[in-house]
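Numbering (this note's numbering), first residue to last: 57 to 274.
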Amino acid sequence: MSKIFKIENDELILDKDYLRGIPEFKAILERDRGSKGDADGRKKFRAWKEFMYLYIVSSFYSYPNLGGFNEKDTHRAAIVESELEPDFQPDSLLKQAIVKNRELEKAIVPTLNTINTILKGLKVSDKICVNIIKNIESVIEKQELENNEKINRGEMIDLASDLVLTQGLIDQLEQLTKIANTLPKTINTLEDLYNKLAKEEAGQKIARGGRAIGNRAE
57 MSKIFKIEND ELILDKDYLR GIPEFKAILE RDRGSKGDAD GRKKFRAWKE
107 FMYLYIVSSF YSYPNLGGFN EKDTHRAAIV ESELEPDFQP DSLLKQAIVK
157 NRELEKAIVP TLNTINTILK GLKVSDKICV NIIKNIESVI EKQELENNEK
207 INRGEMIDLA SDLVLTQGLI DQLEQLTKIA NTLPKTINTL EDLYNKLAKE
257 EAGQKIARGG RAIGNRAE
């Protein structure tokens, strides 16, 4: 889970050495002068929460971003995971740190950009499909209602109008089919990119003496 955190004695804690090496992160760490359960700020409880929020919001590896959550839902998930106040909003310092973390991840693993773009494209495709289906259902329901009313009034149903309407619905269904046909190829592309991502990450971990790139101990 990112270089921001590390496991120590089975606990997820802040990697303070790493954080102090990046100005935007250092500012968040050092402004924590104390919070509930951490009177003098030595335990950095507040900073931990803010960095957890940062990770959930900005890291490609967080479950909201992997799942294609929208910005609002990602924010909500980040508040829950970080145990911040329900009405919490990031201030300017935290926003700068969020931007910095995104830059660092993209710089370390180039394939992230491509994967993020494809995921956004899939999300847009999903919205298009949902809207098409809603429109088709709405049109059919409206047409059935109008035809039933005509029948009840003893009027003739306009078959020509129905035919035009049906053709319009067929065109929309064809759009759905086209989108569906592209999905297998897109999914295969994503799988290939995830494999490439794993290789790039492995390569980034191999540096001088086998230590991880970005480790302040280098």
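No residue lacks a Cβ here, since even glycine has one placed at the ideal position from N, Cα and C.
According to DSSP, is Lys62 helix, strand or coil?
Walking along the sequence shown from the start, residue 62 turns up at place 6. Strand, per DSSP.
Endpoints, the beta strand (DSSP E) within which Glu67 is located
Taking the sequence shown and counting its residues from 1, the one referred to as residue 67 is at position 11. First-last of the beta strand (DSSP E) with Glu67: Glu67 to Leu70.
DSSP beta-bridge partners of Asp53:
Because the chain here runs from 57 to 274, residue 53 falls outside it and cannot be looked at.
Can you name, in chain order, every residue of its own chain whose Cβ lies under 7 angstroms from the Cβ of Glu141, other than the five neighbours on each side?
By one-based count along the sequence shown, residue 141 stands at place 85. Excluding positions up to five away in sequence, the list is empty.
Assumed close pair Ile112, Glu137 - CB separation to whole angstroms, cut-off 8 angstroms:
Within the sequence shown, the letter at position 56 stands for residue 112. Within the sequence shown, the letter at position 81 stands for residue 137. Cβ-Cβ separation between Ile112 and Glu137: approximately 5 angstroms, consistent with a contact (criterion under 8 angstroms).
What number of angstroms, rounded off, separates the C-alpha of Asp143 from the C-alpha of Asn208?
For the purposes of this step, residue 143 is taken as the residue at position 87 of the sequence shown. For the purposes of this step, residue 208 is taken as the residue at position 152 of the sequence shown. Answer to the nearest angstrom: the Cα atoms are 55 angstroms apart.
Does the beta-carbon of Asp71 have 16 or more other beta-carbons within 10 angstroms, so that it is buried, or is it exposed?
Looking up residue 71 in the sequence shown gives position 15. Around the C-beta of Asp71, 16 or more other C-beta atoms lie within 10 Å, and the residue is accordingly described as buried.
Residue of Glu202, Arg89 and Ile78 minimising C-alpha distance to Ser217
Position 161 of the sequence shown, counting from 1, holds the residue named residue 217. Of Glu202, Arg89 and Ile78, the residue nearest in Cα terms is Glu202.
For a minimum of 4 consecutive residues, which ranges assigned as the alpha helix (DSSP H) are wholly contained in the stretch 135–222?
Qualifying alpha helix (DSSP H) stretches, in chain order: 148–164 and 167–208.
Can at least three beta-carbon pairs, one atom from the stretch 186–198 and one from the stretch 219–232, be found at a separation below 8 angstroms?
The stretch 186–198 vs the stretch 219–232: in contact.
My output table needs one value for Lys99: the three-state DSSP class, helix, strand or coil.
Start at 1 with the first residue of the sequence shown, and residue 99 comes out as number 43. Correct three-state label for Lys99: coil.
Continuous alpha helix (DSSP H) stretch holding Phe116: start and end:
The residue given as residue 116 occupies position 60 in the sequence shown. Looking at the DSSP string, Phe116 is not in any alpha helix (DSSP H), and its letter there is neither H nor E.
Quick one: give me the first and last residue of the alpha helix (DSSP H) that Phe125 is part of.
Taking the sequence shown and counting its residues from 1, the one referred to as residue 125 is at position 69. First-last for Phe125: undefined, no H or E at that position.
Could you give the C-beta distance for Glu106 and Leu178, rounded to a whole number, given that I count them as a contact under 8 angstroms?
Residue numbering aside, residue 106 sits at position 50 when the sequence shown is read from its first letter. Residue numbering aside, residue 178 sits at position 122 when the sequence shown is read from its first letter. Between Glu106 and Leu178 a beta carbon distance of about 30 angstroms is seen, past the 8 angstroms cut, so the two are scored as non-contacting.
What's the call for Ala95, buried or exposed, on a 16-neighbour Cβ count within 10 Å?
Translated into the one-based positions of the sequence shown, residue 95 becomes position 39. Counting C-beta atoms within 10 angstroms of its own C-beta, Ala95 has fewer than 16 neighbours from the protein chains shown and is therefore classed as exposed.
Using 8 angstroms as the threshold, is the C-beta distance between Leu110 and Asn157 below it?
One-based indexing of the sequence shown puts residue 110 at position 54. One-based indexing of the sequence shown puts residue 157 at position 101. Yes, Cβ-Cβ distance for Leu110 and Asn157 is below 8 angstroms.
CA-CA distance, Glu200 and Lys128?
For the purposes of this step, residue 200 is taken as the residue at position 144 of the sequence shown. For the purposes of this step, residue 128 is taken as the residue at position 72 of the sequence shown. Cα to Cα, the separation comes out at about 38 angstroms.
As a quick exercise: from Ile235, Leu219 and Lys162, pick the residue whose alpha carbon is nearest that of Ile184.
Locating residue 184 in the sequence shown gives position 128, counting from the first residue. Nearest C-alpha to Ile184: Ile235.
Around the C-beta of Thr173, are 16 or more other C-beta atoms found within 10 angstroms, so that it is buried, or is it exposed?
Counted from its first residue, the sequence shown places residue 173 at position 117. So Thr173 counts as exposed.
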